[in-house]
Structure formats: structure tokens, C-alpha cells
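Asks:
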Amino acid sequence: MSEGSHKRPWLAAFLSIAFPGLGHVYLHAWMRALLWFWMVVLSAVLFVPEDLVEGVTSIGDAMAVSADLPFEAQIALFVVIAFSAADAYWQADRTAGHETGRRCPNCGREVDELDLEFCHWCTEPLAGDDATSR
Numbered sequence: 003m004s005e006g007s008h009k010r011p012w013l014a015a016f017l018s019i020a021f022p023g024l025g026h027v028y029l030h031a032w033m034r035a036l037l038w039f040w041m042v043v044l045s046a047v048l049f050v051p052e053d054l055v056e057g058v059t060s061i062g063d064a065m066a067v068s069a070d071l072p073f074e075a076q077i078a079l080f081v082v083i084a085f086s087a088a089d090a091y092w093q094a095d096r097t098a099g100h101e102t103g104r105r106c107p108n109c110g111r112e113v114d115e116l117d118l119e120f121c122h123w124c125t126e127p128l129a130g131d132d133a134t135s136r
């Protein structure tokens, strides 16, 4: 994993709050993203009354209807969204701490697993035993 590809846990959580599953898409956890998306759909189908949904044709209508949601629907959707955000945060935090590969002893950046005898970031020579592994 290069330095620019670290996934930010707070961003994954924020995206999951905006729309459950979106934080997992950011993390490339496709199956988890689908799972959380369908959890929200299932919660809406089970807890939101049909008569509230029938007249919704725009986002403005959906926002107006959301004020009339029953308490059970609000709790169910809140729980799914909160767990989705927490799961995205934990997934991003867990994968950020598991870097693999060698590091340059001079600059500390990760070195590609190529047969190079120097760091491609700082051009310092790499000895076989000097490059640290994680």
C-alpha cells in the first residue's frame, strides 16, 4: 500500500452516515456495501408505513415525510445507519494498520517489492537486511 492510498476511517464513517454502504464502497468492501444498503431497504420496508411512501416523488417530498415517520422506523433506521458507520470506521481502521512490505531505512516510505537495490523515493541504496519488514 503506498502512502497516498491509506483509507481514512472518519471519511468512511461519514460516507456511511450520508448513505449506508457508501463508506464500504470507499473501502472497496463491495459485499459489505451491498449488505448495508439492503439492511436499510429492509428496515424501510418493514417499519415505514406504505401510506407515507405513496406520494413521495422527489427528495423534498421524502424530507417532508421523514418528519412523520413512526418512532419505531426512526429507531430502526438510526440503528442501521449507526452500525453501518461504525463498521465502516472499524474496517478502515483495521486495514490502515496492516501495511505489508519493506520500508526504506532512510526515508521510512514503503518500497515496492521489486528487485531494485535503491529506494525509488529517496534513491538511497537498500541493503538486503537494512530494509525493514512489517
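Start counting at 1 in the sequence shown, then tack on 2, and there's your number in my numbering.
Heads up, the beta-carbon is just placed ideally off N, CA and C, and yes, glycines get one too.
1) Near N108, what residues of its chain come up, given a Cβ to Cβ distance below 7 Å and the 5 sequence neighbours on each side ignored?
2) Please name the residue in V47, L44, V27 whose C-alpha comes closest to that of Q93.
3) Just list the residues that DSSP pairs V113 with in beta bridges.
4) Using the DSSP secondary-structure output, state which residues sit across from F21 in a beta bridge.
5) Would you be able to state if there are at least three C-beta pairs under 8 Å between the stretch 77–95 and the stretch 34–50?
6) Would the beta-carbon of F39 fall within 8 Å of that of P11?
7) Using DSSP bridges, identify the partner residues of F120.
8) Tell me the DSSP secondary structure of L29 in three-state form.
Replies: Taking the structure as given:
1) Result list for N108: C121, C124, E126, in chain order.
2) For Q93, the closest of V47, L44, V27 by C-alpha to C-alpha distance is V27.
3) Paired residue(s): R104.
4) DSSP lists no partner for F21.
5) Note that the stretch 34–50 touches the stretch 77–95; at least 3 beta-carbon pairs, one per stretch, sit closer than 8 Å.
6) No, these two residues do not count as a Cβ contact at 8 Å.
7) Beta-bridge annotation (DSSP): F120 is paired with P127.
8) The answer is coil: DSSP assigns L29 none of H, G, I, E or B.
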